[in-house]
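The numbering used here applies: residue 87 is where the sequence shown begins, and numbers increase by one. Ideal Cβ placement from N, Cα and C applies to all residues, glycine included. Nothing here was measured: the structure is a model prediction, and the numbers come from that model. Input: a single structure, listed below in structure tokens.
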Amino acid sequence: GISEVRFSPPQDITCTSPSSTSILVSWAPPPLEFQNGVITGYSIQYSTMEGNKTSKRVDGIPPGSSPYLLENLEKWTEYGLTVRALTEAGEGPESLQLLVRTEEDGMFLK
């Protein structure tokens, strides 16, 4: 029969909001035995969890790009993010969704 290809989502995903309009996403690659070939890149999908629930996707993130900065976001807004790995064989599964809220303006100004 056809051998089952095991492909895991990226691991250890963390998100922080360094400013009111950006989120810093970091992740580790899937374990080697669950990569389904050589990883060619990553994509991050993010959507606002409130209001009109806009969803955007960043494709073509090269391997080794973690941490990756998402910019031009809405301030003081909760976002849901998922990360997936891509290989020449196709896309891997999405990670579990992480929730992160962007900061308010001027929070760090003394």
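Would Val-111 be called buried (16 or more neighbouring beta carbons within 10 Å of its own) or exposed?
buried
Please state the DSSP three-state secondary structure of Glu-164.
In this structure, DSSP gives Glu-164 an extended state, which the three-state scheme calls strand.
Mind checking Pro-153: buried by the 16 CB within 10 Å criterion, or exposed?
exposed
Simplified DSSP assignment, three categories, for Leu-172
strand
So, helix, strand or coil for Leu-159, using DSSP?
Three-state result, Leu-159: coil.
Less than 7 Å between C-beta atoms, sequence neighbours within five positions excluded: which residues of the same chain meet that for Leu-155?
Ser-108, Leu-110
Is Gly-178 buried or exposed, if buried means 16 or more other CB atoms sit within 10 Å of its CB?
buried
Tell me whether Ser-141 is buried or exposed, calling it buried when 16 or more other Cβ atoms sit within 10 Å of its Cβ.
exposed
Can you say whether Ala-182 is buried or exposed, counting buried as having 16 or more other CB atoms within 10 angstroms of its CB?
Correcting the residue identity first, residue 182 is Leu in this sequence and not Ala. Burial call: exposed.
Assigned exposure category for Ala-175 - 16 Cβ within 10 Å defines buried:
exposed
Ordered along the chain, which non-local residues of its own chain (more than five positions away) have a Cβ less than 8 Å from that of Pro-197?
The requested residue 197 is not part of the displayed model; the chain covers only 87 to 196.
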